[in-house]
Amino acid sequence: MLYNALSTLGMSRKLQSTMTRQQMELTRANEEVSTGLHADVAATIGAGTGRDIALRNLFDRTDEYVKTTDLLDGRMKTMDSAMTSIIASGTDLLAAASTGLGQQSPTGTSLQIRARGVLDQVVGLLNAASGNSYLFAGTALDQPPMRNVDGDKSGLRSPMQIIQDAIQSATGGTEMPKTAAETAAVIARLDDLFAVRDPATPAPAPLTDTFEGGLYTGTTARQPGGAASPRVSGRPAESTSIAYGVQANDPMMREMLEGIYMLAAVDTSKMNVDAYPDYIKTAVDKLSGGLGKLREATAQLGIQRAQVATLAEQHKTQKAILSLQIDNLEGVDPYEASTRITQLEAQIDATSSATARIAKLHLTNYL
1 MLYNALSTLG
11 MSRKLQSTMT
21 RQQMELTRAN
31 EEVSTGLHAD
41 VAATIGAGTG
51 RDIALRNLFD
61 RTDEYVKTTD
71 LLDGRMKTMD
81 SAMTSIIASG
91 TDLLAAASTG
101 LGQQSPTGTS
111 LQIRARGVLD
121 QVVGLLNAAS
131 GNSYLFAGTA
141 LDQPPMRNVD
151 GDKSGLRSPM
161 QIIQDAIQSA
171 TGGTEMPKTA
181 AETAAVIARL
191 DDLFAVRDPA
201 TPAPAPLTDT
211 FEGGLYTGTT
221 ARQPGGAASP
231 RVSGRPAEST
241 SIAYGVQAND
251 PMMREMLEGI
261 YMLAAVDTSK
271 MNVDAYPDYI
281 KTAVDKLSGG
291 LGKLREATAQ
301 LGIQRAQVAT
311 LAEQHKTQKA
321 ILSLQIDNLE
331 GVDPYEASTR
341 ITQLEAQIDA
351 TSSATARIAK
361 LHLTNYL
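UniProt numbering applies: residue 1 is where the sequence shown begins, and numbers increase by one.
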């Protein structure tokens, strides 16, 4: 005689196991809908995992270049703005100083005051920073490159005092030259002070301070021994490195600042008629020469910005393509995932109902 063995406990456990699996699948499906990605990418794409990893690595590298180009463009933009403002201020001063080339002007005092104002402005602009990095300091990015005209808390002589002392050392102690010969001596002394030189060698006597260290405290133009110091550069692409921008100790800056300091340190309206012509002409020539070269540097910076912008667009385009390729591998079809969720919910409801019915069964139902 045959009997049908019926175990409500066994059926209940099997349904419970089924429901647990369905709930895990439902949780995974909900996660995929919310993230848009397969819950287990490697298990889903199988042999495509290697390609997915390679694409991810390339995407991350491209993203870093996007950030680099954005940073470079920001630094270049701020630098360009500062240089343009310096050129504008210097050009106004040059126009005012040039009126005195033909004949000594009684408004020399106002020219000195004006030059001093431009000097303060130029020094402030050369201390411009982008983020925590000073733009015109060379590789010494963590400190302002120019000392304040009236000095600082270092205890050193102020830049203006250094200039005035240099003038007096050439004139024999007077605050301005009185003869053409003294003017020539003053110009030669200031040229020595502003000259590019090996930082390991002492200042040419009788100078004790020079431009670097006395007026400028950023990266020196040369390293001890005379070799050129490294320039600030950026790497906006795998095989592209750009040494960009201007340092406050570049020759054009020295030349421009020497001309401004000459106008700011002396009241040319009180200068002896013999000493005046060469002094004012030299100051104007240096200011004009420095500004002309600074305009060329600004144009070159514009070309470099355009190069960086082109690379930035290329990186962003590549990043978008890589993102699409990665999404094709890792992404989940939201409609398919939503359908799967609906099916799983229906299956869980059915399993729950079956479990409930089994729980109500008793042996008396079959006796």
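All residues carry an ideal CB built from backbone N, CA and C; glycine is no exception.
How would you write the range of the beta strand (DSSP E) that residue 235 sits in, first residue to last?
233-237
By DSSP, does residue 216 sit in helix, in strand, or in coil?
strand
Within 8 Å, strictly: CB atoms of residue 89 and residue 112:
no
Is the beta carbon of residue 135 less than 8 Å from the beta carbon of residue 290?
no
Under the three-state DSSP convention, the category residue 1 falls into:
Model confidence at residue 1 stands at a pLDDT of 45, short of 50, so the residue's coordinates are unreliable; what they give is reported in the following sentence. In the structure shown, residue 1 sits in coil (DSSP, three-state: anything other than H, G, I, E or B).
Find out if the Cβ-Cβ distance for the pair residue 282, residue 187 is shorter than 8 Å.
yes
Return helix, strand or coil for residue 306, following the three-state DSSP convention.
helix
In the DSSP assignment, the alpha helix (DSSP H) including residue 166 goes from what residue to what residue?
159-171
For a test of the three-state rule: what should DSSP assign to residue 99, helix, strand or coil?
coil
CA-to-CA distance, residue 100 to residue 280, given in whole angstroms:
7 Å
Helix or strand or just coil, what does DSSP make of residue 268?
helix
Could you tell me the distance, in whole angstroms, from the CA atom of residue 236 to the CA atom of residue 271?
53 Å
Start and end residues, beta strand (DSSP E) containing residue 373:
Outside the displayed range of the chain (1 to 367) lies residue 373, so it cannot be described from this structure.
For residue 76, the nearest candidate out of 218, 316, 152 and 307 (CA to CA):
307
Taking one C-beta from the segment 188-198 and one from the segment 219-226 each time, how about it: are there three or more such pairs within less than 8 Å?
yes
Are residue 183 and residue 278 touching if we call contact CB-CB under 8 Å?
yes
Is the number of C-beta pairs between the segment 252-262 and the segment 307-322 that are closer than 8 Å three or more?
no
Using the three-state DSSP reduction, which class does residue 366 fall into: helix, strand or coil?
Since pLDDT at residue 366 reaches only 49, below the 50 mark, its modelled position is unreliable, and no value is offered.
Is residue 228 helix, strand or coil by DSSP?
strand
Beta-carbon spacing of residue 287, residue 93 below 8 Å:
yes
For the alpha helix (DSSP H) that residue 180 lies in, which residues bound it at each end?
180-194
Measure the alpha-carbon distance for residue 324 versus residue 56 and round it to whole angstroms.
11 Å
Please classify residue 210 as buried or exposed, where buried requires at least 16 neighbouring CB atoms within 10 angstroms.
buried
Residues near residue 273 in its chain [Cβ-Cβ closer than 7 Å; skip 5 each side]
104
Measuring only the C-alpha atoms, how far is residue 145 from residue 232?
14 Å
Who are residue 369's beta bridge partners in DSSP?
Residue 369 is absent from the model: the chain starts at 1 and stops at 367.
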